[in-house]
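A.B. asks: The following block contains the structure, expressed as structure tokens.
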Amino acid sequence: MNRFPSPPPSSRRQFLGLSGGTVAAALLGAAGCSAPGGGASSAQAAGASGTGAKTLTKIGLDYPFTQIPLYSALVKLSTAAGKKRGVSLVTTNDAASADAQAGNLRTWVAQKIPAIVSFPMVFEATESIAKAATDAGLIWVTYGGSLEHQSADIQFNFLKGGTLLGEAAAQWAQEQLGGKGKIAFLTDDTIQLGRERTKGMIDAFTKAAPGVDVVAREQAIDPDTGLSKARAVLAKHPDLNLVLGVTDAAAYGAYKALQQTGRATTDAKTFVGGQDGAAPSLLAIKQGTFYRASAALAPQDIADAVVDVPLAVAAGKANPSVQVPITLVGPGDTARIDVLLAQNA
Amino acid sequence: MTTVTSAPSADRLLPAPRTRAHTAFQAVRRQPLLPVLVVMVLVFQSTTGSFLDAGNLRGIATDAAAVAIVAVPLALLVISGYLDLSVGSTLALGGLVAGWLAGEQHQSPVVAVLGALAAGAVVGAVNGVLCCYLGLSAFIVTLGMLTAVRGFAQQLFPLPLSGFGSGFAWLGGARVAGIDAPVVIAALVLVAGALFLALTPAGRHVFAIGVNREAAYLSGIGVRRAPFALFVVTGVAAALAGAIKASVLDSVVAGTSGAGFELTVLTAVLLGGVALTGGSGSVLGVLLGVLFLGCLQNGLTLLSVPTFWQQMAQGTALVAGAALAFFGPRLNR
Chain A
4 MNRFPSPPPS SRRQFLGLSG GTVAAALLGA AGCSAPGGGA SSAQAAGASG TGAKTLTKIG
64 LDYPFTQIPL YSALVKLSTA AGKKRGVSLV TTNDAASADA QAGNLRTWVA QKIPAIVSFP
124 MVFEATESIA KAATDAGLIW VTYGGSLEHQ SADIQFNFLK GGTLLGEAAA QWAQEQLGGK
184 GKIAFLTDDT IQLGRERTKG MIDAFTKAAP GVDVVAREQA IDPDTGLSKA RAVLAKHPDL
244 NLVLGVTDAA AYGAYKALQQ TGRATTDAKT FVGGQDGAAP SLLAIKQGTF YRASAALAPQ
304 DIADAVVDVP LAVAAGKANP SVQVPITLVG PGDTARIDVL LAQNA
Chain B
2 MTTVTSAPSA DRLLPAPRTR AHTAFQAVRR QPLLPVLVVM VLVFQSTTGS FLDAGNLRGI
62 ATDAAAVAIV AVPLALLVIS GYLDLSVGST LALGGLVAGW LAGEQHQSPV VAVLGALAAG
122 AVVGAVNGVL CCYLGLSAFI VTLGMLTAVR GFAQQLFPLP LSGFGSGFAW LGGARVAGID
182 APVVIAALVL VAGALFLALT PAGRHVFAIG VNREAAYLSG IGVRRAPFAL FVVTGVAAAL
242 AGAIKASVLD SVVAGTSGAG FELTVLTAVL LGGVALTGGS GSVLGVLLGV LFLGCLQNGL
302 TLLSVPTFWQ QMAQGTALVA GAALAFFGPR LNR
């Protein structure tokens with residue numbers, strides 16, 4: 004009589020059986036797809052550690068911030084760049100977790116993926132894994148910094164990116180506002196990358212435009228937070244002239260907040276700028292709005308480095324590390340913006 | 002026709018002040034967050050001087066609207082003894098579908114929003130079937146869906162979407178009788194939720210299911226159908242909130258849109274006095290929880306409190322609010 008609360012046992016068993024079967028089939032399928040020609044043969048192709056040139060056929064790209072748009076563009080472009088050079092690309096799913104990243108990297112080292120390009124979330128914690136990789140004769144390329152145990156690195160001058168944006172905004176303030184006005188900074192103090200960008204941006208601006216009042220410095224890296232923080236700042240300072248963001252995403256949120264207070268998109272007394280070269284911001288710059296600048300990274304430059312640096316190490320090239328350039332784009336750089344947008348498409 | 006009114010008697014007049022005080026005390030006892038919210042608003046106004054400015058209040062209301070739209074159905078779900086932790090990812094999916102339809106497919110805003118709602122309904126229905134009809138744990142199912150839906154959204158839309166057109170911008174930027182459209186939508190959702198709980202048999206069934214599912218079942222209440230419907234409505238509400246956010250920002254990113262939103266909404270619901278174990282709660286409490294979070298965030302920003310101090314203050318205030326919500330109802334026992 005009492006048919007509730009549990010569902011009928013048979014249907015639950017059926018469901019669990021079906022689910023288990025499906026999962027098992029998927030795992031077997033995945034294993035079947037990945038087993039042949041995997042790390043082992045590639046590792047053999049890469050050869051044991053030695054002094055001579057190696058043939059590299061596989062690169063592991065370990066980029067933990069899979070949630071940001073750059074990740075998709077980077078994987079797509081790196082895969083294409085690798086294909087041109089006869090190299091296949093494999094990736095991790097770290098989900099922005101340092102623990103997951105460490106686990107995935109250890110798996111790769113045990114699997115002997117011949118070349119690993121890793122963006123460590125915690126550099127100190129990754130040192131031992133990099134050592135294990137290099138001890139095993141694998142190529143280790145550190146992305147976004149340097150480790151003691153590495154084959155090479157891919158560096159970004161985030162401080163310079165922030166400085167470029169700060170200087171451009173300061174110059175605009177001197178020319179358009181006579182060196183007076185109000186500025187808000189959207190910053191990030193949680194990771195090294197953010198701290199460098201923030202420092203470059205604020206130091207450069209305050210040095211070159213000391214007459215502009217800094218009315219806010221708020222943590223924001225995404226559009227939602229940029230929007231709500233800018234709204235609050237605008238409630239207190241409706242005559243805000245400039246907003247500079249540690250990311251384009253946060254600055255874009257501020258751009259929308261300014262619009263929502265009734266400011267025309269071409270307002271001559273307003274400047275918004277960010278960093279990254281994100282597509283919505285680039286479009287706003289191209290359209291001649293008061294979103295006027297972005298310190299942009301070109302995804303293709305990064306993708307090329309992801310493939311070329313391990314290949315250069317494998318080829319025995321001396322000093323194969325690279326510095327990926329960061330350039331400031333403004334309303335006059337439409338050709339450059341089109342190139343960046345195409346890379347992000 | 003004359004109206005007969007009884008003359009006020011001493012018996013009816015004299016106790017009035019005490020009665021009013023008692024009524025006020027009962028109100029505070031039922032909604033302990035209310036006096037805290039009032040004090041917080043007064044403190045922020047006196048220290049910033051601009052907290053109660055119309056422009057700032059408008060900003061708080063618009064920011065809080067998306068939270069309220071999702072918090073109301075989520076509160077009903079929690080009252081019925083279930084939980085949905087996937088609303089942040091559903092919000093992202095809804096925003097992406099709406100933005101894609103409006104921007105890349107050049108569909109009308111109505112079609113774009115309906116597409117988003119359909120996506121949210123599908124997610125809610127999957128949650129509902131797994132939890133209500135197959136009896137799986139809502140915590141685990143919706144936690145899994147949080148990740149799965151996010152991955153699905155990123156697979157479908159790996160790059161940011163932007164430029165949705167002026168028609169779609171209406172949803173987030175238009176004003177109805179001087180009030181921002183998202184706030185109007187949130188108000189409608191709040192009123193509908195309150196009326197549903199207070200006036201409909203189904204609303205009473207939600208409480209009954211949350212208090213004791215087996216007893217509710219034996220009383221003839223559809224103990225699977227009602228929570229299933231609430232899962233679907235919660236998914237639809239999350240997708241609607243996503244469409245609104247996409248409209249406000251004129252852009253949406255699969256990886257980051259709505260990240261952490263589920264915790265914000267759940268915090269608002271619990272602060273509002275909804276019991277995580279089910280069976281009790283009110284829409285008014287949820288509204289207070291939503292306003293509490295919105296005012297706290299905004300006030301700390303107005304005060305230019307440094308980032309990490311803001312985190313500490315927010316965390317401390319939430320714990321204090323939770324303690325108040327717990328001990329408040331026990332004040333006059």
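Quick mapping for you: the protein sequence lines, in order, are chains A and B.
Going by the numbering used here, the first sequence opens with residue 4, and the numbers climb by one from there.
Going by the numbering used here, the second sequence opens with residue 2, and the numbers climb by one from there.
Where a beta carbon is used, it is the ideal one built from N, C-alpha and C, also for glycine.
So, helix, strand or coil for A/E221, using DSSP?
C.D. replies: Position 218 of the first sequence, counting from 1, holds the residue named residue 221 of chain A. Correct three-state label for A/E221: strand.
A.B. asks: Please look up how many angstroms separate the CB atoms of B/V177 and B/V185, rounded, as I've assumed it's under 8 Å.
C.D. replies: Locating residue 177 of chain B in the second sequence gives position 176, counting from the first residue. Locating residue 185 of chain B in the second sequence gives position 184, counting from the first residue. Confirmed, Cβ separation roughly 5 Å.
A.B. asks: Using the DSSP secondary-structure output, state which residues sit across from A/Q177 in a beta bridge.
C.D. replies: Numbered from 1 along the first sequence, position 174 holds the residue referred to as residue 177 of chain A. None; A/Q177 has no bridge partner.
A.B. asks: For A/T145, name the three-state secondary structure that DSSP assigns.
C.D. replies: On the first sequence, position 142 is the one that residue 145 of chain A refers to. Three-state DSSP puts A/T145 in a strand.
A.B. asks: Using a threshold of 7 Å, state whether the C-beta atoms of A/E130 and A/L150 are closer than that.
C.D. replies: By one-based count along the first sequence, residue 130 of chain A stands at place 127. By one-based count along the first sequence, residue 150 of chain A stands at place 147. Cβ atoms of A/E130 and A/L150: closer than 7 Å.
A.B. asks: Please state whether DSSP places A/A38 in a helix, a strand or coil.
C.D. replies: Stepping through the first sequence from its first residue, residue 38 of chain A is reached at position 35. Bear in mind that a pLDDT of 33 at A/A38, under 50, signals an unreliable position, so the number given afterwards is only what the model happens to contain. Note: A/A38 maps to coil in three-state DSSP.
A.B. asks: Can you find a CB in chain A that lies within less than 7 Å of the CB of B/L102?
C.D. replies: Residue 102 of chain B sits at position 101 when you count from the first residue of the second sequence. No, no contact with chain A.
A.B. asks: Taking 8 Å as the threshold, find out whether the region 81-88 of chain A comes into contact with the region 303-311 of chain A through three or more Cβ pairs.
C.D. replies: Taking 8 Å as the limit for Cβ pairs, the verdict is that the region 303-311 of chain A does touch the region 81-88 of chain A.
A.B. asks: Can you tell which of B/P183, B/N128 and B/S305 has the C-alpha that lies nearest to the C-alpha of B/A149?
C.D. replies: If you number the second sequence from 1, residue 149 of chain B lands on position 148. It is B/N128 whose Cα lies nearest to the Cα of B/A149.
A.B. asks: Once the 5 residues before and after A/L31 are set aside, which same chain residues still bring their CB inside 7 Å of it?
C.D. replies: What you label residue 31 of chain A is simply residue 28 of the first sequence in a count that begins at 1. Annotation note: pLDDT 36 at A/L31 (below 50); position unreliable, coordinate value reported separately. Result list for A/L31: empty, nothing under 7 Å.
A.B. asks: How do the region 218-226 of chain B and the region 86-102 of chain B stand: do at least 3 beta-carbon pairs fall below 8 Å, yes or no?
C.D. replies: The region 218-226 of chain B, when compared against the region 86-102 of chain B, does not touch it at the 8 Å Cβ threshold.
A.B. asks: Distance check for B/M146 and B/L86, CA to CA, integer angstroms please.
C.D. replies: Taking the first residue of the second sequence as 1, we reach residue 86 of chain B at position 85. Taking the first residue of the second sequence as 1, we reach residue 146 of chain B at position 145. Spanning the two alpha carbons is a distance of roughly 8 Å.
A.B. asks: A/S75 CB to nearest chain B CB: under 7 Å?
C.D. replies: For the purposes of this step, residue 75 of chain A is taken as residue 72 along the first sequence, with counting starting at 1. Yes, contact with chain B.
A.B. asks: Tell me, please, whether the CB atom of B/S248 is closer than 7 Å to any CB atom in chain A?
C.D. replies: Your numbering for residue 248 of chain B matches position 247 in the second sequence. Not one chain A Cβ lies under 7 Å of B/S248.
A.B. asks: Quick one: what does DSSP say A/I116 is sitting in, helix, strand or coil?
C.D. replies: The residue given as residue 116 of chain A occupies position 113 in the first sequence. Looking at A/I116 - three-state DSSP - the assignment turns out to be coil, as it is neither helix nor strand.
A.B. asks: For B/G204 versus B/G280, is the C-beta distance shorter than 7 Å?
C.D. replies: Numbered from its first residue, the second sequence carries residue 204 of chain B at position 203. Numbered from its first residue, the second sequence carries residue 280 of chain B at position 279. No. Outside cutoff.
A.B. asks: In three-state terms, what does DSSP make of A/K57?
C.D. replies: Walking along the first sequence from the start, residue 57 of chain A turns up at place 54. The answer is coil: DSSP assigns A/K57 none of H, G, I, E or B.
A.B. asks: DSSP three-state call for A/L245: helix, strand or coil?
C.D. replies: Position 242 of the first sequence, counting from 1, holds the residue named residue 245 of chain A. The answer is strand: DSSP assigns A/L245 an E or B state.
A.B. asks: Would the region 130-140 of chain B and the region 234-244 of chain B be scored as touching if the rule is three or more Cβ pairs under 8 Å?
C.D. replies: Cβ pair count under 8 Å is below three, so no.
A.B. asks: Grab me the residues of B/F328's own chain with a C-beta within less than 8 Å of its C-beta, minus the 5 sequence neighbours each way, in chain order.
C.D. replies: Counting from one through the second sequence, the residue named residue 328 of chain B turns up at place 327. Result list for B/F328: P33, in chain order.
A.B. asks: Please identify the residue among A/H240, A/L331, A/T58 and A/V249 whose C-alpha is closest to the C-alpha of A/S297.
C.D. replies: Here residue 297 of chain A corresponds to residue number 294 of the first sequence, with the count starting at 1. Looking at the Cα atoms, A/L331 is the closest of the given residues.
A.B. asks: Where does B/D85 fall in DSSP's three states?
C.D. replies: Sequence index remark: in the second sequence, residue 85 of chain B carries index 84 (1-based). Three-state result, B/D85: coil.
A.B. asks: Measuring alpha carbon to alpha carbon, tell me which residue in B/F140, B/S81, B/T143 and B/S252 is nearest B/A170.
C.D. replies: The residue given as residue 170 of chain B occupies position 169 in the second sequence. The shortest C-alpha separation from B/A170 is found at B/S252.
A.B. asks: Please report the straight-line C-alpha distance between A/W143 and B/F262, rounded to a whole angstrom.
C.D. replies: For the purposes of this step, residue 143 of chain A is identified with residue 140 of the first sequence, where counting begins at 1. For the purposes of this step, residue 262 of chain B is identified with residue 261 of the second sequence, where counting begins at 1. Their backbone Cα atoms lie some 37 Å apart in a straight line.
A.B. asks: Going by DSSP, which residues form a beta bridge with A/G277?
C.D. replies: Counted from its first residue, the first sequence places residue 277 of chain A at position 274. DSSP lists A/S297 as partners of A/G277.
A.B. asks: Using a Cβ-Cβ distance cut-off of 7 Å, determine whether B/I222 contacts chain A.
C.D. replies: Mapped onto the second sequence, residue 222 of chain B falls at position 221. Closer than 7 Å: no.
A.B. asks: Which residues of chain A have a Cβ atom closer than 8 Å to the Cβ of B/G174, listed in chain order?
C.D. replies: Residue mapping note: residue 174 of chain B aligns to position 173 of the second sequence, counting from 1. Residues of chain A passing the Cβ test: Q263.
A.B. asks: Who are the near neighbours of A/G165 in its chain, counting only those whose CB is closer than 6 Å to its CB and skipping five residues on each side?
C.D. replies: For the purposes of this step, residue 165 of chain A is identified with residue 162 of the first sequence, where counting begins at 1. Result list for A/G165: R200, G203 and M204, in chain order.
A.B. asks: Are the beta-carbon atoms of A/F274 and A/W175 separated by less than 7 Å?
C.D. replies: The count along the first sequence starts at 1 and reaches residue 274 of chain A at position 271. The count along the first sequence starts at 1 and reaches residue 175 of chain A at position 172. Yes. Within cutoff.
A.B. asks: Closer than 9 Å by beta-carbon distance: list the chain A residues that pair up with B/L303, in chain order.
C.D. replies: Looking up residue 303 of chain B in the second sequence gives position 302. Within chain A, the residues near B/L303 are A235, V236, A238 and K239.
A.B. asks: Taking the alpha carbon of B/P202 as the reference point, which residue from B/G82, B/G223 and B/I245 has its own alpha carbon closest?
C.D. replies: In the second sequence, residue 202 of chain B corresponds to position 201, counting from 1. The shortest Cα separation from B/P202 among B/G82, B/G223 and B/I245 belongs to B/G223.
A.B. asks: What does the Cβ neighbour count give for A/E367, buried or exposed, with the cut at 16 atoms within 10 Å?
C.D. replies: Here chain A has residues from 4 to 348 only, and residue 367 of chain A is not among them.
A.B. asks: Considering A/K183, what are the terminal residues of the alpha helix (DSSP H) in which it resides?
C.D. replies: In the first sequence, residue 183 of chain A corresponds to position 180, counting from 1. Per DSSP, A/K183 belongs to no alpha helix (DSSP H) and is neither H nor E.
A.B. asks: Shorter than 7 Å from the beta carbon of A/A84 to some beta carbon of chain B?
C.D. replies: Taking the first residue of the first sequence as position 1, residue 84 of chain A is located at position 81. Chain B contact via Cβ: absent.
A.B. asks: Return the residues of the region 53-83 of chain B that lie within a Cβ-Cβ distance of less than 7 Å from chain A, sorted by chain order.
C.D. replies: Listed by position, the residues of the region 53-83 of chain B near chain A (Cβ gap below 7 Å) are D54, G56, N57, G60 and D64.
A.B. asks: Whose Cβ in chain B lies nearer than 7 Å to the Cβ of A/G256?
C.D. replies: Walking along the first sequence from the start, residue 256 of chain A turns up at place 253. By Cβ distance, chain B contributes L250.
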